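Colleague: Sharing a structure here in structure tokens format.
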Amino acid sequence: MIKFCSLVRMIFRALFAANFFMKQFWSEFLFLSFIFISCRTRARSHQWN
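All residue numbers for the sequence shown refer to the working numbering, where the first residue is 123 and numbers rise by one.
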């Protein structure tokens with residue numbers, strides 16, 4: 123039973139760390155995708171002109 127409790131605590135700690143990491147990752151990913159999309163639209167407008 124003690125082993126199970128420690129396992130659950132370890133899983134919760136891993137989930138918390140993963141949640142924090144995913145938040146950081148998603149903010150970074152959204153920022154990079156925003157830059158990529160703006161660059162593509164700029165290139166497309168240059169092609170049209």
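All residues carry an ideal CB built from backbone N, CA and C; glycine is no exception. On a predicted model such as this, the values are computed, not experimentally measured, just so you know.
Excluding sequence positions up to five away, which residues of its chain have a Cβ less than 8 Å from the Cβ of Phe153?
Modeller: Excluding residues within five positions, none has a Cβ falling inside 8 Å.
Colleague: Whole angstroms are fine: how far does the CA of Phe138 sit from the CA of Phe158?
Modeller: Approximately 30 Å, taken between the alpha carbons.
Colleague: In whole angstroms, give me the CA-to-CA distance for Arg172 and Gln146.
Modeller: For residue 172 there is no data in the structure shown, the boundaries of the chain being 123 and 171.
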